[in-house]
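Using the working numbering, you'd call the opening residue of the sequence shown number 7 and step up by one each time.
Even glycine gets a Cβ: it sits at the ideal position worked out from N, Cα and C.
Being a predicted model, the structure only gives us computed values, none of them experimental.
As structure tokens, the structure follows; a few thoughts come after it.
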Amino acid sequence: MVPFSPLDLTPQLWLDADDASTITSSSDNVSQWDDKSGNTYHVTQATGTAQPKTGTVTRNGRNVLDFDGTNDRLFRETDTALGRNVTGLTVYWVASSDNNTANVQIIAFATGTGTARVLSGMNSSSQFNAQGRTLDADSVAGANSSTLSTFTWYATCAVFDYANTDLNLYVNRTADGSNTSFQTATTTSNTDSLSLSVGSNLSAAANFNGQIAEILVYHSAHSSTDREKVFDYLDGKWGT
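Put into structure tokens, the structure is as follows:
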């Protein structure tokens with residue numbers, strides 16, 4: 007039986023901290039994390055003091071990136087098609103938080119108007135949170151999970167079903183938060199995302215304090231069958 011690969015479902019973005027070939031670093035400071043999807047949406051950080059660490063923390067015997075919660079972030083300020091002209095979007099992330107006391111972002115990307123298309127991270131109530139907008143002119147809406155624990159690894163999935171106005175969160179496979187009137191039922195705006203940030207929001211604030219192991223973004227609202235395939239892969243790899 008051929009093992010499942012995230013590429014089987016055609017990701018738009020795939021960041022994998024366990025793949026050393028995708029990480030450029032010096033003295034454990036990460037200056038670039040390469041996208042494995044084939045879209046070359048690599049994220050970078052030129053400032054040494056704002057670079058997350060690699061090779062210092064592991065999960066399930068595998069390397070993860072460590073973000074300090076102060077100014078660490080990796081980003082891209084070149085056009086991407088992330089979330090552009092789609093009826094659904096699914097974002098997975100595997101992470102562990104050292105501090106749940108502030109609003110922080112694990113992954114964020116912005117539309118052509120400079121406003122947030124997707125924000126996925128944690129809120130001040132120690133919950134996973136996913137937010138975004140369908141059309142560029144829409145207000146941001148979101149959903150929260152139940153309360154989470156620090157120093158605990160979670161595999162989380164946010165499904166933005168723009169065609170059916172639903173936003174659903176799944177934490178370690180379990181449905182855990184939803185917004186069934188997320189936005190107007192339609193396809194997202196046909197504008198590029200001009201920026202992508204990992205470990206902070208789009209303004210280099212709301213910095214995440216903890217570890218990030220893997221991020222996957224797909225241009226569809228994953229069915230339960232597809233979610234289980236990805237969760238099987240993530241659980242087997244990271245022991246979540």
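query = When the distance is taken between beta carbons, is T162 closer than 9 Å to L175?
reply = yes
task = Enumerate, from N- to C-terminal direction, the unbroken beta strand (DSSP E) stretches of 3 or more residues contained entirely within the stretch 45 to 97.
result = Entirely contained in the stretch 45 to 97, the beta strand (DSSP E) runs reaching 3 residues are, in chain order, 59 to 65, 68 to 74 and 80 to 82.
task = Give me the Cβ distance between T28 and D22, rounded to the nearest whole Å; I'm assuming they're in contact under 8 Å.
result = 6 Å
Test: N185 CB closer than 9 Å to a CB of chain B = Included in the structure is just one protein chain, with no chain B present.
request  = Taking only the alpha-carbon atoms, compute the straight-line gap between N109 and A101 and give it to the nearest angstrom.
outcome  = Answer to the nearest angstrom: the Cα atoms are 15 Å apart.
Boundaries of the beta strand (DSSP E) in which D172 is found, first to last residue = Here the beta strand (DSSP E) through D172 covers D172 to V177.
request  = Measuring alpha carbon to alpha carbon, tell me which of A26, I221, F134 and Q217 ends up nearest T180.
outcome  = Answer by Cα proximity: F134.
key: Same chain, Cβ closer than 7 Å to T158, five either side skipped, listed in chain order   = S102
ask   = What do you get for T140, buried or exposed, if any count of 16 or more other CB atoms within 10 angstroms of its CB means buried?
value = A residue is called buried once 16 or more other Cβ atoms fall within 10 Å of its Cβ, and T140 is buried on that count.
key: Beta-ladder partner(s) of G127, from DSSP   = Q111 and N135
query = Is it buried or exposed for T306, if we count other Cβ within 10 angstroms and need 16 for buried?
reply = Because the chain is modelled from 7 through 246, residue 306 falls outside the range shown and cannot be assessed.
query = Using DSSP with H/G/I as helix, E/B as strand and the rest coil, what is L200?
reply = coil
task = Give a yes or no on whether the C-beta atoms belonging to Y98 and V177 are separated by under 9 Å.
result = No. Outside cutoff.
Residue nearest to T153 in terms of C-alpha spacing, selected from L125, N105, T194 and A147 = N105
ask   = So the alpha helix (DSSP H) V236 belongs to, where does it begin and stop?
value = S230 to W244
Buried versus exposed call for D72 [16 or more other C-beta atoms within 10 Å across all chains shown] = buried
task = Using alpha carbons as the reference points, say which of G120, S195, D182 and D74 lies closest to L95.
result = S195
key: Closest Cα partner of M128 within the set T84, H48, A212 and T246   = A212
Same chain, Cβ closer than 8 Å to S131, neighbours up to 5 away in sequence not counted = N150 and T153
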